[in-house]
Amino acid sequence: MSVRHALLALLSEGPKYGLQLREEFEAGTGEVWPLNIGQVYTTLQRLERDGLIESDDDDERDSPQKRFRITADGEHELAAWLRTPPDMSSPPRDELVIKVLVALRVPGTDVPEVIQAHRRYLVELMQQWTRIKDADAGRDVALGLAVDAELFRLDAVVRWLDAADGRIKRAAAEPPKAARDDLPRLRMRAGTAR
Amino acid sequence: MSMLELRQVSKVYGQGAAEVHALRDVSVEVDAATMVAVMGPSGSGKSTLLTIAGSLEEPTCGQVLVAGNDLAAMSRNEKARLRRKSIGYVFQDFNLLPGLTAAENVALPLELDGVSSRKARQAGLAALDALGLADRASHYPDQLSGGERQRVAIARAVVGDRRLLLADEPSGALDSENSETVMRMIHAACKQGVAAVVVTHDAQLASWADRVIFIRDGRIVDQTAPAPGPESLLGQGR
C-alpha cells in the first residue's frame, strides 16, 4: 500500500492537518490498513522535500497544527500513479506454492491432507472477512472494496489449491510422462526447476 | 436445538463392479439459527448429502433426523408433509414455475399444504417484502433478472414456517454482486432461526457460513474451527 500516494490523494481534496490526514486515511481504507502518526509525518516530510506538497508556514516542527497542501507536481504525480499498473508480471515467491511443491517430494507425505490444512486456514480467514462485511451491511463502500479485495485474493488461492488437488489426483492415476526439456526458463520462473 | 442430524450415513449406488460409494459414514449436526456450508470438488458427494438430508433420497445405511424426527420411521406421506412444511430447497437453476407470478410461486408450497389461497398469498407477499421484492410480486419469472429469480426462490424456501433450508450451489449462475445478495439473505434467514445447509465449491459463498465442512470422496475430511472476532484482522498492523 502506498501511503505516499494515499496522502497525496487526501490532499487533492484540499489543505489538511497531519492528524486529520491520518484519521481520513484510516476511514478511507475502512480501517483495514491502520497507520501510526509517525508514518504519516515521515511520509509528509518526504513529500515536502520532493516538492509534491507544501506546508502553510516555515515552521520546521512536525506539529499537528501544521497544514499541508498538494502542489501542481504532486497532482501530476498522483494522476500518473493512479494510471500506472503495479508490476504483476513476475510471480511472487509464494510460500504456499513452495510448500505444496516440497510436499510432493517428501516421501510418505499425504499431499491432499497438506493442501486441506491450508484450504481450511484460508476459508477460516475468509469467514472472518465476510463477518466484517456482514456487520457493515454495505454502508461503508471503502470497507466493502477493501474486504472484497482480500476475499478475492484468498479465494484465488483456495481455487489454486482445488486445482492442485485435482491435478495431483489425476497425475497419481496416470502413468508418468517424460518431462519436456524445452521449457527451462518457464520452470525457473515458476520455481520448479530441478 | 438440532434441526438436522445425519448419523453415520452412507450411500452406495449400483452393485458389484459398478458400485459407487457416494457417502461414507457421514455424521453432521446443524442447529437452528446456524448456516453450515459443505465444500468439496465435483463428485465428492456433497449434493447426495443434501438430497438425503432433504428426504429426497434414502441412505443405504445410517440415520437422518429432521427436527428430531427419524426419517426412517416415517411413512411416505409423512415425509412428503415434512418436506412441504419444514424444508425449503434452493437450486442453482431457481426451479420457479414459469406460468405463475413471483407471489404465486412463493405461495404455492403453502397452498399445496392446504393453507387457504388468501392466507398463502398474504404469507407469500410478506416473504417477498422481507427480501425487498414487494414490487416484483406480480412479475412472471421471465420478467425477472437471474438475481431476482433466485431471491424469489429463497422467499419460497423460507415462506411459512420452514426451519430447514437446503441450498445446492444457490448462486452458481449469478454474478458476484447477486451471489452476495443471495448469501446475505440466507444468512439473514439463519439469524431469524432457520438452519441452513449450503452446498458449494465456492469459498466466497462458503465463507458466509458459521461452519464449513469439507467433503472428499464421500467422507467428511475436515471442518473449520469457530472463528475469532473481526478484531483479530482489523487490529493487524498497529
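Protein chains in written order, with our numbering: chain X, 1 to 194; chain Y, 1001 to 1238. For each residue, glycine too, the CB sits at the ideal point set by N, CA and C. Small disclaimer: the values here were computed from a predicted structure and weren't measured.
- Neighbourhood of Y/H1021 in chain X, by CB distance below 9 Å: empty, with the nearest CB roughly 16 Å away.
- Contacts with chain X at 8 Å (Cβ-Cβ) include Y/T1224.
- From the listed residues Y/R1083, Y/V1115, Y/T1224 and Y/G1040, the smallest Cα separation to Y/L1056 is found for Y/R1083.
- Going by C-alpha positions, X/S12 is about 40 Å away from Y/E1148.
- Y/G1088 is bridged by DSSP to Y/L1165.
- Taking the C-beta atoms as reference points, Y/H1201 is found no nearer than 8 Å to Y/M1035.
- By the Cβ rule, the stretch 1139-1148 of chain Y does not count as touching the stretch 1190-1201 of chain Y, because fewer than three pairs are nearer than 8 Å.
- Ranking X/E124, X/D94, X/K16 and X/V3 by CA distance to the CA of Y/I1213 puts X/E124 first.
- Here Y/G1040 carries a coil assignment [DSSP, helix/strand/coil].
- Ranked by Cα distance from Y/G1088, the first of Y/S1027, Y/L1071 and Y/T1051 is Y/T1051.
- Taking the Cα of Y/S1010 as reference, the smallest distance to any Cα among Y/R1024, Y/M1001, Y/V1020 and Y/M1003 is reached at Y/R1024.
- Residue pairing of Y/N1069 in beta bridges, as defined by DSSP: Y/V1066.
- With contacts defined by Cβ atoms closer than 8 Å, Y/G1160 and Y/A1102 do not form a contacting pair.
- For X/K169, there is no enclosing beta strand (DSSP E); the residue is found in the alpha helix (DSSP H) stretching over V141 to A173.
- Between the stretch 62-78 of chain X and the stretch 4-20 of chain X there are three or more inter-stretch CB-CB distances shorter than 8 Å, so the stretches are counted as touching.
- Among the residues facing chain X, Y/S1171 is not included, as its CB has no counterpart in that chain under 8 Å away.
- Residue environment: Y/V1028 is assigned as buried (16 or more neighbouring CB atoms within 10 Å of its CB, all protein chains considered).
- Scanning its chain for C-beta atoms nearer than 7 Å, with the 5 sequence neighbours on each side dropped, one finds around Y/A1053 the residues L1004, L1006, V1064, L1166 and V1197, in chain order.
- At a cut-off of 8 Å between C-beta atoms, Y/H1139 does not count as an interface residue with respect to chain X.
- With 16 or more other Cβ atoms from the protein chains shown falling within 10 Å of its own Cβ, Y/A1203 counts as buried.
- Around the C-beta of Y/E1104, 16 or more other C-beta atoms lie within 10 Å, and the residue is accordingly described as buried.
- Considered as a whole, the stretch 1072-1159 of chain Y harbours 1076-1086, 1102-1112, 1117-1130 and 1146-1158 as its complete alpha helix (DSSP H) runs of no fewer than 4 residues, in chain order.
- Look at the beta carbons and you see the stretch 98-110 of chain X not touching the stretch 135-144 of chain X: under three pairs across the two are nearer than 8 Å.
- Measuring C-alpha to C-alpha distances from Y/T1224 to each of X/P175, X/E174 and X/R119 identifies X/R119 as the nearest.
- Under the 8 Å criterion on CB atoms, Y/Q1204 is classed as interfacial with respect to chain X.
- Interface residue (Cβ-Cβ distance to chain X less than 8 Å): Y/V1212 is classified as such.
- Under a criterion of Cβ atoms nearer than 8 Å, the residues of chain Y adjacent to X/M126 are, in order, A1203, Q1204, A1206 and S1207.
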